[in-house]
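**Q** The following block contains the structure, expressed as structure tokens.
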Amino acid sequence: MNTINQQIEIINKLGLHARAAAKFVNISSSYSSSVDLEKNGQRVNGKSIMGVMMLAAGKGSLVTIYAEGDDADDCMQSLTELINNRFDEDE
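Sequential numbering of the sequence shown, starting at 13, is according to my numbering.
See the structure below:
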């Protein structure tokens, strides 16, 4: 079993709002690995839309993604690509 974490900056204009959070949860839920998301010491289940939205991670926020499981590397790559691509939003 593989455990990895990575800190990343939220760069899209609206931050981790409802639509972006839904995309994050959708991707994290497609993997068997457990996924947590942390901001300022508050850690939530990355497969829970309510948990992810409660972080209120606006533009410029630093979050840490934790993935643990057999497909943790692939999961982390997909989630970091999503964030780095601004959740496929224009800004």
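Yeah, the Cβ is synthetic: ideal placement off N, Cα and C, and Gly gets one too.
These numbers were taken from a predicted model, which means no experiment stands behind them.
Applying the 10 Å Cβ sphere with the 16-neighbour rule, what's the burial state of Gly58?
**A** buried
**Q** Is the CB-CB distance between Asp4 and Tyr78 below 7 Å?
**A** With the chain covering 13 to 103 only, the question about residue 4 has no answer from this structure.
**Q** Could you give the distance in angstroms between the alpha-carbon of Asp102 and the alpha-carbon of Ile95?
**A** 13 Å
**Q** Mind listing, in chain order, the continuous alpha helix (DSSP H) runs of no fewer than 4 residues lying wholly within the segment 44 to 74?
**A** 61 to 66
**Q** Regarding Glu101 and the ligand MN, is the C-beta to nearest heavy atom distance less than 6 Å?
**A** Annotation note on the ligand MN: not contained in the displayed structure, which lists no ligands.
**Q** List the whole-angstrom C-beta distance separating Ala24 from Ala32, where the pair is believed to meet the contact cut-off of C-beta under 8 Å.
**A** It is Asn, not Ala, that sits at residue 24 in the sequence shown. Rounded to the nearest angstrom, the Cβ distance from Asn24 to Ala32 is 7 Å, consistent with a contact under 8 Å.
**Q** Is Ser45 buried or exposed, if buried means 16 or more other CB atoms sit within 10 Å of its CB?
**A** buried
**Q** Cα separation between Ala84 and Ser42?
**A** Approximately 11 Å, taken between the alpha carbons.
**Q** Give me the Cβ distance between Gly81 and Met13, rounded to the nearest whole Å; I'm assuming they're in contact under 8 Å.
**A** 6 Å
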